[in-house]
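Residue numbers (our numbering): 152 to 575.
Note that CB positions come from ideal geometry on N, CA and C, so glycine has one too.
These numbers come from a predicted model, not from an experiment.
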Amino acid sequence: MSVRIVLGTQWGDEGKGKVVDILCEESDIVVRYQGGANAGHTVVINNDKFILHLIPTGILHPDKTCVIGNGVVLDLDQLFLELDELKNKGINTNERLFVSDSAHLVMPYHKLIEELNEQNKGEDKIGTTKKGIGPAYLDKIGRTGIRVADLLDSDLFNKKLKLNLELKKSWLANLSYSQLKDLEKESKELLKFKERLLPMVVDSSVYLNNAIKNGKNILFESAQGTLLDIDFGTYPYATPSHTSAGGACIGSGVGPTFIDEVIGVVKAYTTRVGNGPFPTELNEGMGEMLQKKGDEFGATTGRPRRCGWLDLVLLKRSVRINGISKLVITKLDVLDEFETIPVCVGYKCKDKNLDEFPNDIKTLNNCEPVYKEVPGWEESIKGLTNYNDLPDKAKSYLDFIQKRLEVPIFIISTGSKREETIIV
Ligand code: GDP
Ligand code: IMO
Ligand code: MG
């Protein structure tokens, strides 16, 4: 029996989808524990590209079961769209996907409120994915949210919907009467999913703890990255859930004593989508080069990702917060052509040297990265599958990272395809 967490160590899009796809070979159940359809996890199998937003990546393996835990906010339209798309691609999802009865629903008004919220913030907007994630979690914490179990009881659902629309009156004040009616209608339409959803509904805690008792291997798949965590991320430029390892327990009902391993996925450089500080960000020339070589465009919104060099100060924070025991390095091939590769080993903030990532955004905005130049390998490593075939300079780059972070690297990804992988 093993229970492992796979999570992003940076600002998301580290390649978690690909890594989960590989690691779920050794797992029975793959679990999403936070976030919602804001995620975009890409898996490339032969020449087929799959992008999963809500459903755990394990769904692509016919013998694996998937669970959407209580910590996820569920967009039913997106869930069934994704299930239908998988079916059209020949993937049988029957009796393979289970959804927690306690997961909160993302309602049509959440998306609308998020849009207004972002508009009102003007320059200070977060740059969210506009999937309604923030307002859905806000209702959860505000204790007015509508959960999966509520949908199964139409009267209760309608009662809660009425209350929510009443409570959101001030937000929706600018809508016309007919727009408000449409919103109510759209919300009520979610009841059409009741019959399809019913067979999938479980208590994720009971389901997963029984599986653990029966010796099953469980893989938790995080969405987003540690620096987007609501507590440990670059607040307020964060996502409203616990993306870090602790979130796996809260978001599924599995106790911390069952977690055997925390695997941190590190992109060989750094990217970020949306607003917020990014100390090693590169502008124009080099940034665009990384963006182009790494094909850095959001899997959910298509927005170009901001790009910069690897930041070991940030990663040190991620290792500490998550208790990371093993690392996976992805997209190493994107660095193939660089003569030297700068790696951030510290920050300088108003004449002060910092070796810990600051919590406060004002300090962070004043941080200048201190770089160590590591020699590049200047040859293609694309698709390599054997560690010994890596050029010495690529090995040195990896060695530098694992020594500084004091965590071993056990997988290196050399391309987007499943087989373009080195297991160390
Ligand atoms: P996730 O959100 O962490 O699952 O990552 P995304 O899927 O949003 O973004 C990662 C992107 O990099 C996807 O397009 C992957 O297909 C691609 N990718 C993953 N690993 C590698 C790699 O080692 N090399 C290259 N070139 N691309 C990769
Ligand atoms: P995966 O799972 C990268 C970012 C958004 C925005 C901030 C808040 O593919 O790594 P939200 O819609 O969550 O309220 O937006 O978080 N963000 C992501 N960035 N990858 C993701 O997911 C992200 N999910 C949210 O761009 O800056
Ligand atoms: Mg992504």
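With 16 other Cβ atoms within 10 Å as the buried cut-off, status of residue i
i	result
S251	buried
Q330	exposed
I565	One detail in the question is off: residue 565 reads as Thr in this sequence, not Ile. T565 is buried by the Cβ-count criterion.
E507	exposed
T390	buried
V357	exposed
V152	It should be pointed out that residue 152 corresponds to Met in this sequence rather than to Val. By the 10 Å Cβ count, M152 comes out exposed.
Y498	buried
Q270	exposed
T160	buried
S305	exposed
L256	buried
Where residue i sits in the DSSP three-state scheme
i	result
I573	strand
D550	helix
E529	coil
D462	strand
A324	coil
N189	coil
T481	strand
P493	strand
R454	coil
D354	coil
Y498	strand
P582	The question about residue 582 has no answer, for the chain in this structure spans 152 to 575.
V424	coil
P286	helix
S567	coil
V470	helix
S403	coil
T216	strand
S251	strand
F429	coil
Closest residue to residue i among the options (Cα-Cα distance)
i	options	result
D462	L535, Q553, M440, A450	Q553
P455	K444, I206, G241	K444
V416	K339, F371, E269, I210	F371
E274	F561, V496, G449, G425	G425
L232	L466, L205, A254	L205
E340	A324, L378, P350, F308	F308
L466	I156, V154, W162, V157	W162
V352	N198, D164, C217, I196	C217
First and last residue of the uninterrupted alpha helix (DSSP H) at residue i
i	result
K238	227-239
G438	435-444
D172	167-174
E412	Here E412 belongs to no alpha helix (DSSP H); instead the beta strand (DSSP E) covers 412-418.
R347	345-348
L267	259-272
L515	512-516
Cβ-Cβ distance between residue i and residue j below 8 Å
i	j	result
G168	L225	no
K215	I173	no
D484	E530	no
A396	G186	no
S355	G220	yes
P520	P430	yes
T481	K418	yes
P407	L515	no
Y386	S338	no
V479	F383	no
G402	V223	yes
Residue i: first and last residue of the uninterrupted beta strand (DSSP E) it sits in
i	result
D301	Per DSSP, D301 belongs to no beta strand (DSSP E); it is in the alpha helix (DSSP H), 299-302.
K503	503-505
S305	Unbroken run through S305 is the alpha helix (DSSP H), 305-318; no beta strand (DSSP E).
E372	369-376
L199	Residue identity check: residue 199 is Asp in the sequence provided, not Leu. 199-203 is the span of the beta strand (DSSP E), which, as asked, contains D199.
G159	154-159
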